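**Student:** Heads up: the sequence lines are chains A and B, in that order. As numbered in numbering that gives the first Met the number 0, residues 0 to 555 make up the first sequence, in order. As numbered in numbering that gives the first Met the number 0, residues 0 to 232 make up the second sequence, in order. Every residue, glycine too, gets a C-beta built ideally from N, C-alpha and C. These figures come from a predicted structure and were not determined experimentally. To start, I am sharing the structure in question, which I have written as structure tokens.
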Amino acid sequence: MSLEDPEPDAPARVEERSPDELAELLGDDIIDREQHLNAPGYVIRPDAVQDVLSTLRTDAGYDHLSCVTAQEYEDRYESVYHLRKFDDPTQEVSVVVPADRESPVSESAEPVFRTADWHEREAYDLVGIEYDDHPDLRRILLPETWQGHPLAKDYDQDRPQVVPLRENANPLQEDTRSEQDADTMFLNIGPHHPATHGVLHLKTTLDGEQVADVESDIGYLHRCEEQMCQNGTYRHQIMPYPDRWDYISAGMLNEWSYARAAEDLADIDVPEYAQVIRTMCAEMSRIAAHLLAVGTFALDVYGDFTAIFMYAIRDREKMQNLLEDISGQRLMFNYFRLGGVVWDLPEPREEFFEKVRDFLEEFPTALEEYHDLISSNEILQMRTVDTGVLPPEVAKNYGATGPVARGSGVDYDLRRDDPYGYYDELDWDVVTDDGCDNYSRLFVRLREMEESAKIIEQCVDLLEGWPEDDRTIQSNVPRTLKPDDDTEIYRAVEAAKGELGIYIRSDGTDTPARFRIRSPCFSNLQTLPEMAEGEYVPDLVAALGSLDIVLGEVDR
Amino acid sequence: MSSDNRPFVTDDSQVLTETRDARMTGGDNRFNSKLREAFGSSPFILTKFDKFMNWVRGSSMFMLQFGIACCSIEMMHTYAVKHDLDRFGAGVPRASPRQADVIIIPGTIVSKFAPRMKRVYDQMPEPKFVIGMGSCTISGGPFQEGYNVIKGAEEVIPVDIHVPGCPPRPEALVYGVAKLQERIANGESSPVTVKPYELEQFGDLDRDEIVQQLADDIDEEDLVMRYDWADSP
Chain A
0 MSLEDPEPDA PARVEERSPD ELAELLGDDI IDREQHLNAP GYVIRPDAVQ DVLSTLRTDA
60 GYDHLSCVTA QEYEDRYESV YHLRKFDDPT QEVSVVVPAD RESPVSESAE PVFRTADWHE
120 REAYDLVGIE YDDHPDLRRI LLPETWQGHP LAKDYDQDRP QVVPLRENAN PLQEDTRSEQ
180 DADTMFLNIG PHHPATHGVL HLKTTLDGEQ VADVESDIGY LHRCEEQMCQ NGTYRHQIMP
240 YPDRWDYISA GMLNEWSYAR AAEDLADIDV PEYAQVIRTM CAEMSRIAAH LLAVGTFALD
300 VYGDFTAIFM YAIRDREKMQ NLLEDISGQR LMFNYFRLGG VVWDLPEPRE EFFEKVRDFL
360 EEFPTALEEY HDLISSNEIL QMRTVDTGVL PPEVAKNYGA TGPVARGSGV DYDLRRDDPY
420 GYYDELDWDV VTDDGCDNYS RLFVRLREME ESAKIIEQCV DLLEGWPEDD RTIQSNVPRT
480 LKPDDDTEIY RAVEAAKGEL GIYIRSDGTD TPARFRIRSP CFSNLQTLPE MAEGEYVPDL
540 VAALGSLDIV LGEVDR
Chain B
0 MSSDNRPFVT DDSQVLTETR DARMTGGDNR FNSKLREAFG SSPFILTKFD KFMNWVRGSS
60 MFMLQFGIAC CSIEMMHTYA VKHDLDRFGA GVPRASPRQA DVIIIPGTIV SKFAPRMKRV
120 YDQMPEPKFV IGMGSCTISG GPFQEGYNVI KGAEEVIPVD IHVPGCPPRP EALVYGVAKL
180 QERIANGESS PVTVKPYELE QFGDLDRDEI VQQLADDIDE EDLVMRYDWA DSP
């Protein structure tokens, strides 16, 4: 791992270099230049990945490997490394690594960015590119027994996957204890376990009660979201799927990620009125999502369906009622459209605004209750303060974003740093905490809800006074959307769990040629071994709860 | 013995509460349940033991605390305040399959998870019941065309009640649970389906020609399971 010390001249790193200067910096490693809609792209030699990325990281300050996209063309394979800066995420650069059609191999980026580990395993699993120098190139989402790489062009989906029954033999055999050392024990947590927040499998090695090693085994909810989106048309068929990535009522935020990427790709304007509605709905979703995160974290730490969980569900019900008034659904909203939202706010508007204001009026009292029950509770503090420590440099190296990064003092929030929607017109703050532990991640979420409530209040004020003849909810978007051939874009929004990015490559048809989802939970979950190793098993569970993962988004 | 010394007897005129009043006068029949009517004045009832057991089973179900995907969020809401599944005698989620009667399958099942879910189901004690929640457990739902998605829970385990929706509202799940209770009280449950790869366990049964043909398809040395059984020849 290349963990660097933070450089003393931090502000200097935000300085932007022009594409030509960067090209000069990289020198002979570049074999071609591309232009992506979001960033300049440099095609580099497949054996110079580590050189290029570490140069970009140390000399040009691109310290955030946001996403790795793998795809197959007619004549080659390609891995795209999307880099940006934690200090200024509008500065982006794409590093394109071509690989041979016959034997697709390129150099791994794992020694430079730890986060590349899982991203490259996924690329190997789904597309079939192999990475030299990768420490552990195995399948990650599909079972080990899978035959073929499903997002490759020659994959035949109708061929049955036949698996010997012995492959699914009980893993809990007599090997629960190490033969060499009586204190070493192997423990499987999940995939069916109340503390794993879904179907996550943790293979832990215990030394007594301490966690010596933990390996997350994911893929138990890999439901081919990228394939589904690649099969759907831009205009209507893709939008229902984002709701199902992060399904904790955070659908509006996810829809926005797709809307933002596709709108920038096809150059669609969004009316200001729709942007305000979007901002309001997104923050409502964020409150609902954070409430569940707080409730289930308390469930993990206290261990039963106690008051805090029920309180959280009670407040979520209120929020879901509001969201249902807007969209007609409790969980899967499907409310955003390219170029706006599907319909206006519910009539009578006064009644709706009244309901929202009622919620906002009661919400500070409810938050006070949570602070009484959770954050100022000594028992919880003993359990969570200074456990699951994630230093900021480690968090950056793993590409952690959202409340996990902000709980480690990384001041990174795309709503402010890469503004979209109506956020830059409103008055709110980014919440960070320097504690780096389970407690600060929880505390950041609690305080972020206050900020979200502030944003909603300002949006309601704006919407109430909006002139009636200026309420355009959608701009004029063609029925069949065909973006230009071979256009590539990577756009991200700040979802409930962090940076949710979408990469789309169009091929001139009405469906994307490649649709890649950069899920914040996927990167956040990768930090778990850093937080849990050396801690006790209950702290492992607390650390996992404080990461607030959603398996639908981890596995996609 | 004078009445003054008798313990536990209070003045009737003082305790004529509304509840008692309603019960005595029949003005409100909330307190005269079917069961009470059946009992009459006698504390004994005559019924078949099986029928009684079915009634008991339906009235006190322990659910498995089992979350897969989106539907599990609505399932949590069904358990929690507002919808409160406990009102129907079915709101105690158990974390261990050994203690559970009912498994709600809340979400998409993918190839990697199917064998694990089968194992969890196998670990539940008989009699056990299955509620399939959401479109994914019916057919794969919106993800049906995915390469990795099992086309419905019935590919793996038998399902008693399907609750459609994406996701079903908590009210729909409550209705599904109530329907299951009704079925259990009537002594019904879905037949146990035997997948061909399980036939080995039933080797002592008489084999008709269909079973024989299926059994012949199996390579005894190396049993296989197919993730997409319905499409297979």
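1) Around the C-beta of Ala181 (chain A), are 16 or more other C-beta atoms found within 10 angstroms, so that it is buried, or is it exposed?
2) Note down, in chain order, each residue of its chain lying with its Cβ closer than 6 Å to the Cβ of Pro347 (chain A), except the 5 sequence neighbours on either side.
3) Taking C-beta pairs closer than 9 Å, name the residues in chain B that Arg243 (chain A) reaches, listed in chain order.
4) Please classify Met52 (chain B): does DSSP put it in a helix, a strand, or coil?
5) Express the C-alpha separation of Val459 (chain A) and Phe87 (chain B) in angstroms, rounding to a whole number.
6) Which partner residues does Met237 (chain B) have in the DSSP bridge list?
7) Does any CB atom of chain A fall closer than 8 Å to the CB of Gly131 (chain B)?
8) Under 8 Å between beta-carbons, which chain B residues line up against His221 (chain A)? List them in chain order, please.
9) Using a beta-carbon distance cut-off of less than 9 Å, what residues from the stretch 306 to 326 of chain A approach chain B?
10) Can you check the stretch 119 to 181 of chain B for any beta strand (DSSP E) of at least 3 residues that lies completely inside it and give the ranges in chain order?
11) Which residues of chain A have a Cβ atom closer than 9 Å to the Cβ of Lys81 (chain B), listed in chain order?
12) Residues of the stretch 180 to 209 of chain A in Cβ contact with chain D at a cutoff of 7 Å, in chain order, please.
13) Using only the alpha-carbon positions, how far apart do Cys223 (chain A) and Gln380 (chain A) sit?
14) Can you name the residues that DSSP bridges to Tyr130 (chain A)?
15) Given this structure, state the Cα-to-Cα distance separating Val275 (chain A) from Ser65 (chain A), to the nearest angstrom.
16) In chain order, what residues of the same chain have a beta carbon less than 8 Å from the beta carbon of Glu109 (chain A), not counting five sequence neighbours either side?
17) For a contact defined as C-beta to C-beta under 8 Å, what are the partners of Val158 (chain B) on chain A?
18) Does the Cβ-Cβ distance between Leu372 (chain A) and Ala306 (chain A) come in under 8 Å?
19) Tell me which same chain residues have a C-beta within less than 7 Å of the C-beta of Gly207 (chain A), skipping the five on either side of it?
20) With a threshold of 8 Å between beta-carbons, can Gln98 (chain B) be considered close to chain A, or not?
21) Comparing the C-beta of Phe65 (chain B) with each C-beta of chain A, is any distance below 8 Å?
22) What residue range is occupied by the uninterrupted beta strand (DSSP E) comprising Pro39 (chain A)?
23) Which residues mark the beginning and the end of the beta strand (DSSP E) in which Pro511 (chain A) is found?
24) If we ignore side chains and look at the alpha-carbon of each, how far apart do Arg414 (chain A) and Gln525 (chain A) end up?
25) Just list the residues that DSSP pairs Cys66 (chain A) with in beta bridges.
26) Could you pull the DSSP bridge partners for Asn187 (chain A) from this structure?
27) Of the choices B:Ile149, B:Phe51, B:Arg56, B:Val176, whose alpha-carbon is the least far from that of Lys117 (chain B)?
28) Can you give me, in chain order, the residues of the stretch 122 to 155 of chain A that have a beta carbon less than 7 Å from any beta carbon in chain B?
29) In angstroms, rounded to a whole number, what distance separates the CA positions of Gly66 (chain B) and Leu220 (chain A)?
30) Could you compute how far the alpha carbon of Arg444 (chain A) sits from the alpha carbon of Thr278 (chain A)?
31) Taking just the CA atoms, how far does Ala122 (chain A) sit from Val155 (chain B)?
32) Which of the three DSSP states is assigned to Glu3 (chain A) in this structure?
33) From the DSSP secondary-structure annotation, give me the bridge partner or partners of Tyr76 (chain A).
34) When Cβ atoms are compared, which residues of the stretch 389 to 413 of chain A fall closer than 9 Å to chain B?
35) Under the rule that 16 or more other beta-carbon atoms within 10 Å means buried, what is Gln146 (chain A), buried or exposed?
36) Under a CB-based cut-off of 8 Å, is Met0 (chain A) close to chain B?
**Tutor:** So, to answer that:
1) Here residue 181 (chain A) corresponds to residue number 182 of the first sequence, with the count starting at 1. With fewer than 16 Cβ atoms within 10 Å of its Cβ, Ala181 (chain A) is classed as exposed.
2) Residue 347 (chain A) sits at position 348 when you count from the first residue of the first sequence. Here the set comprises nothing.
3) The residue given as residue 243 (chain A) occupies position 244 in the first sequence. Chain B residues near Arg243 (chain A): Ala68, Cys69, Thr107, Pro141, Phe142, Cys165.
4) Sequence index remark: in the second sequence, residue 52 (chain B) carries index 53 (1-based). Per DSSP, reduced to three states, the secondary structure at Met52 (chain B) is helical.
5) Residue numbering aside, residue 87 (chain B) sits at position 88 when the second sequence is read from its first letter. Residue numbering aside, residue 459 (chain A) sits at position 460 when the first sequence is read from its first letter. Roughly 40 Å separates the two Cα atoms.
6) The requested residue 237 (chain B) is not part of the displayed model; chain B covers only 0 to 232.
7) To locate residue 131 (chain B), count along the second sequence from 1; it is residue 132. Taking Cβ atoms only, chain A never reaches closer than 8 Å to Gly131 (chain B), which makes this a no.
8) Numbered from its first residue, the first sequence carries residue 221 (chain A) at position 222. Within 8 Å Cβ-Cβ: Val109, Lys111, Asn147.
9) Cβ contacts with chain B come from Phe308, Met309, Tyr310, Ala311, Ile312, Arg313, Arg315, Glu316, Gln319.
10) The DSSP assignment places 128 to 132, 160 to 162 as complete runs of the beta strand (DSSP E) inside the stretch 119 to 181 of chain B, in order along the chain (cut-off: 3 residues).
11) The residue given as residue 81 (chain B) occupies position 82 in the second sequence. Residues of chain A passing the Cβ test: Ile312, Arg313, Glu316.
12) In summary, chain D is missing from the structure at hand, where the protein chains are A and B.
13) To locate residue 223 (chain A), count along the first sequence from 1; it is residue 224. To locate residue 380 (chain A), count along the first sequence from 1; it is residue 381. Approximately 40 Å, taken between the alpha carbons.
14) Along the first sequence, read from residue 1 onward, the residue named residue 130 (chain A) stands at position 131. Residue pairing from DSSP places Tyr130 (chain A) in a beta bridge opposite A:Ser105.
15) Looking up residue 275 (chain A) in the first sequence gives position 276. Looking up residue 65 (chain A) in the first sequence gives position 66. Taking the straight line joining both Cα atoms gives about 27 Å.
16) If you number the first sequence from 1, residue 109 (chain A) lands on position 110. Same-chain partners within the cutoff: Ala115, Asp116, Glu119, Tyr130, Asp132, His133, Pro134.
17) Sequence index remark: in the second sequence, residue 158 (chain B) carries index 159 (1-based). What Val158 (chain B) touches in chain A: nothing, since even the nearest Cβ is about 18 Å away.
18) The residue you call residue 372 (chain A) lines up with position 373 of the first sequence. The residue you call residue 306 (chain A) lines up with position 307 of the first sequence. The answer is yes: Cβ separation under 8 Å.
19) Walking along the first sequence from the start, residue 207 (chain A) turns up at place 208. Closer than 7 Å at the Cβ level, and outside the excluded window around Gly207 (chain A), lie Asp182.
20) The residue labelled residue 98 (chain B) in the question sits at position 99 within the second sequence. Closer than 8 Å to the CB of Gln98 (chain B) there is not a single CB belonging to chain A.
21) Your numbering for residue 65 (chain B) matches position 66 in the second sequence. Contact with chain A is found for Phe65 (chain B), since one of that chain's Cβ atoms lies less than 8 Å from the residue's Cβ.
22) Locating residue 39 (chain A) in the first sequence gives position 40, counting from the first residue. Annotation for Pro39 (chain A): the continuous beta strand (DSSP E) segment containing it runs 39 to 43.
23) Residue numbering aside, residue 511 (chain A) sits at position 512 when the first sequence is read from its first letter. Here the beta strand (DSSP E) through Pro511 (chain A) covers 511 to 517.
24) By one-based count along the first sequence, residue 414 (chain A) stands at place 415. By one-based count along the first sequence, residue 525 (chain A) stands at place 526. Approximately 24 Å, taken between the alpha carbons.
25) Indexing the first sequence from 1 puts residue 66 (chain A) at position 67. DSSP, once it has assigned bridges, lists A:His81 as partnering Cys66 (chain A).
26) The residue you call residue 187 (chain A) lines up with position 188 of the first sequence. BP columns for Asn187 (chain A) point to A:Lys202.
27) Reading the second sequence from its first residue, position 118 is the one you call residue 117 (chain B). Ranking B:Ile149, B:Phe51, B:Arg56, B:Val176 by Cα distance to Lys117 (chain B) puts B:Ile149 first.
28) Answer set for the stretch 122 to 155 of chain A: Leu141, Pro142, Pro149.
29) Looking up residue 66 (chain B) in the second sequence gives position 67. Looking up residue 220 (chain A) in the first sequence gives position 221. Taking the straight line from one Cα to the other gives about 11 Å.
30) Counted from its first residue, the first sequence places residue 444 (chain A) at position 445. Counted from its first residue, the first sequence places residue 278 (chain A) at position 279. Their Cα atoms are separated by approximately 18 Å.
31) The residue labelled residue 155 (chain B) in the question sits at position 156 within the second sequence. The residue labelled residue 122 (chain A) in the question sits at position 123 within the first sequence. So the two alpha carbons sit approximately 29 Å from each other.
32) For this step, residue 3 (chain A) is matched to residue 4 along the first sequence. Because Glu3 (chain A) carries a pLDDT of 48, less than 50, the predicted location of this residue cannot be relied on, and the following value inherits that uncertainty. Three-state DSSP puts Glu3 (chain A) in coil, outside helix and strand.
33) The residue given as residue 76 (chain A) occupies position 77 in the first sequence. Per DSSP, the beta-bridge partners of Tyr76 (chain A) are A:Glu71, A:Ala98.
34) Contact annotation: in the stretch 389 to 413 of chain A, no residue has its CB less than 9 Å from a CB in chain B.
35) Numbered from 1 along the first sequence, position 147 holds the residue referred to as residue 146 (chain A). For Gln146 (chain A), the number of other beta carbons within 10 angstroms of its own is below 16, and it is reported as exposed.
36) The residue you call residue 0 (chain A) lines up with position 1 of the first sequence. With a pLDDT of 42 at Met0 (chain A), under the threshold of 50, the modelled position of this residue cannot be trusted; read the value that follows with caution. It does not; no Cβ of chain B falls within 8 Å.
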